[in-house]
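J.: The numbering used here numbers the first residue of the sequence shown as 23 and each following residue consecutively.
Just so you know, even glycine gets a beta-carbon here, dropped at the ideal spot from N, CA and C.
Since the structure is predicted, the reported quantities are computational estimates derived from the model, not experimental observations.
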Amino acid sequence: MPSAGLWLEVGKSQPRLFFYATVDVIRASRIALYLSAALLAAGTALAVYGRYDLHPHLMALGLLSFYYSVMYIQLPGFINAAPARPVTWALLALFAVAIAATPYVGYVAFAGFSALYAVLYLKGVWGRAAYYPNWVAAAGLVALPLSSSHIEAVYSFPLASVYALMYRIDSSRAKRRFTAAKAGALVVGYAVAFAATKAGYLWSPIIPSLILTAAAPPVLKDAYSAGSLLFRFVLPLAFFHHHAAYMSFAVVMSTLCVPYFVPSVLYRRLPNYGPALLALSLAAFAFRILGQIAAAGAAVFALLAYAAYKSLSTEPVPLKPP
Numbered sequence: 023m024p025s026a027g028l029w030l031e032v033g034k035s036q037p038r039l040f041f042y043a044t045v046d047v048i049r050a051s052r053i054a055l056y057l058s059a060a061l062l063a064a065g066t067a068l069a070v071y072g073r074y075d076l077h078p079h080l081m082a083l084g085l086l087s088f089y090y091s092v093m094y095i096q097l098p099g100f101i102n103a104a105p106a107r108p109v110t111w112a113l114l115a116l117f118a119v120a121i122a123a124t125p126y127v128g129y130v131a132f133a134g135f136s137a138l139y140a141v142l143y144l145k146g147v148w149g150r151a152a153y154y155p156n157w158v159a160a161a162g163l164v165a166l167p168l169s170s171s172h173i174e175a176v177y178s179f180p181l182a183s184v185y186a187l188m189y190r191i192d193s194s195r196a197k198r199r200f201t202a203a204k205a206g207a208l209v210v211g212y213a214v215a216f217a218a219t220k221a222g223y224l225w226s227p228i229i230p231s232l233i234l235t236a237a238a239p240p241v242l243k244d245a246y247s248a249g250s251l252l253f254r255f256v257l258p259l260a261f262f263h264h265h266a267a268y269m270s271f272a273v274v275m276s277t278l279c280v281p282y283f284v285p286s287v288l289y290r291r292l293p294n295y296g297p298a299l300l301a302l303s304l305a306a307f308a309f310r311i312l313g314q315i316a317a318a319g320a321a322v323f324a325l326l327a328y329a330a331y332k333s334l335s336t337e338p339v340p341l342k343p344p
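1. So which of Gln-96, Ser-183, Gly-84 and Leu-302 has the shortest CA-CA distance to Phe-323?
2. Should the region 155 to 173 be called in touch with the region 116 to 133, which here means at least 3 C-beta pairs below 8 Å?
3. Which term fits Arg-190, buried or exposed, when burial requires 16 or more other beta carbons within 10 angstroms of its beta carbon?
4. With H, G and I counted as helix, E and B as strand and the rest as coil, what does DSSP make of Ala-106?
5. Could you tell me which of Ala-59, Tyr-126, Arg-310 and His-77 sits nearest to Gly-65, measuring between CA atoms?
6. Quick one: residues in its chain with C-beta nearer than 8 Å to the C-beta of Asn-156, no 5 flanking neighbours on either side, listed in chain order?
7. Please report the straight-line C-alpha distance between Val-32 and Ala-305, rounded to a whole angstrom.
8. For the region 237 to 315, which segments carrying the alpha helix (DSSP H) assignment without a break, of at least 4 residues, lie completely within its bounds, in sequence order?
9. Phe-216: buried (16+ other C-beta within 10 angstroms of its C-beta) or exposed?
10. Is it true that the region 197 to 209 meets the region 231 to 244, where meeting means three or more beta-carbon pairs spaced less than 8 Å apart?
11. I believe Gly-249 touches Leu-278 by the beta-carbon criterion, under 8 Å. Please report the beta-carbon distance rounded to the nearest angstrom.
12. Going residue by residue through the region 158 to 221, where are the continuous alpha helix (DSSP H) segments of at least 4 residues, counting only ones entirely within it?
13. Measuring alpha carbon to alpha carbon, tell me which residue in Gly-27, Asp-46 and Leu-28 is nearest Pro-343.
14. Should Gln-36 go down as buried or exposed, given a rule of 16 or more other Cβ atoms within 10 Å for buried?
15. Roughly how many angstroms separate the alpha carbons of Pro-239 and Val-184, rounded to a whole number?
16. Mind checking who Trp-111 pairs with in its DSSP beta bridge?
17. Could you tell me which of Leu-325, Ile-173 and Asp-192 sits nearest to His-79, measuring between CA atoms?
18. Would you kindly check if the distance between the Cβ of Ala-213 and the Cβ of Ala-356 is under 8 Å?
19. Is Ala-137 near the ligand MN, with its Cβ less than 7 Å from a heavy atom?
20. So, helix, strand or coil for Pro-37, using DSSP?
21. With DSSP as the reference, identify every bridge partner of Glu-337, one or two as the case may be.
22. Measuring CB to CB, does Leu-114 end up less than 8 Å from Ser-91?
23. If we count the other Cβ atoms within 10 Å of its Cβ and call it buried at 16 or more, is Gly-149 buried or exposed?
24. Under three-state DSSP, which class holds Leu-30?
25. Check whether the Cβ atoms of Tyr-89 and Ala-50 lie closer than 8 Å to each other.
26. Determine the direct distance from the alpha carbon of Ala-43 to that of Met-23, and round the result to whole angstroms.
27. Can you give, in chain order, each stretch of the beta strand (DSSP E) that sits fully within the region 49 to 135 and has at least 3 residues?
28. Rounded to whole angstroms, what is the Cα-Cα separation between Arg-254 and Ile-228?
29. Please state if the CB of Val-158 and the CB of Ala-267 are separated by a distance shorter than 8 Å.
Shown next, in the form of structure tokens:
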């Protein structure tokens, strides 16, 4: 596909231009990560203080910002090209405008952001098996502006991102190839689940979870595999308690996204997070399901603080132009 000024292709672009485009990807992802931390902390504080009118809105925006960050940092690898510098900053501006506009017009405010981000994925949709998981993430971007509630927004790009990442990681661990058939089945299952969610069936993610597990069964050997398995089959319990969905994200973020991708966003050496991330996320999950709001809030704040401390405590990796 021609670049149309949107991308700088790996190995086909002037090295310094590609370098600075990649640096901007890092910077934009970092801004989104910091925004996510602020939104999640504010949303948690509001819950502790009983402000349930704003709490779900901020938590949904926090999750959207987090997955924007950890997926955008990987986009050059996903599509074998770096977005052009103006495109990166235009996308961030559209995201900021959408966040400001959601209280007034809802999640349709993300239409511009979703459209531009989905267009960027067009560089990596066909021609290589490694592109197939991109279909799932792109489906989540399409779903985002169609969301009419906070839980639907969480089930849009954030949920699709997790499925896309788990498909990549667990396929590799199980030594299975990416195929168009498996990726297509996962996209269809995800689309059916999102449509069912709009109809009120919050258990519907069990459909793509089962498809994902058949396509890429988790290899149970570490904290990530435990978090991956829990996420797939506990999140659909949202029909029983909608915080089963939100708190399942805390678990998978702690076992997948933070240890795998946050150091790349911060461009620091990988720290040893140990078992604390999983332990704190499970504690927050249990406390919230049991209705212990203050205890759940304390666990979430401890989780955010620990992740920030460990992530920022390692040596920065210098960015040197070619």
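T.: Judging by the given coordinates:
1. Leu-302
2. yes
3. buried
4. coil
5. His-77
6. Phe-100, Ile-101, Tyr-143, Gly-146, Val-147 and Ala-186
7. 43 Å
8. 245 to 256, 265 to 274, 280 to 288 and 298 to 311
9. buried
10. yes
11. 6 Å
12. 172 to 176, 179 to 195 and 202 to 220
13. Asp-46
14. exposed
15. 15 Å
16. According to DSSP, which records beta bridges pairwise, Trp-111 is partnered with nothing at all.
17. Ile-173
18. Since the first residue of the chain shown is 23 and the last is 344, residue 356 is not available in this structure.
19. As presented, the structure is devoid of all ligands, the ligand MN included, so that no description of it is given.
20. helix
21. Beta-bridge pairing links Glu-337 to no other residue.
22. no
23. exposed
24. strand
25. no
26. Unreliable placement is indicated for Met-23, whose pLDDT of 44 sits below 50; no coordinate value is reported for it.
27. 103 to 105
28. 7 Å
29. no
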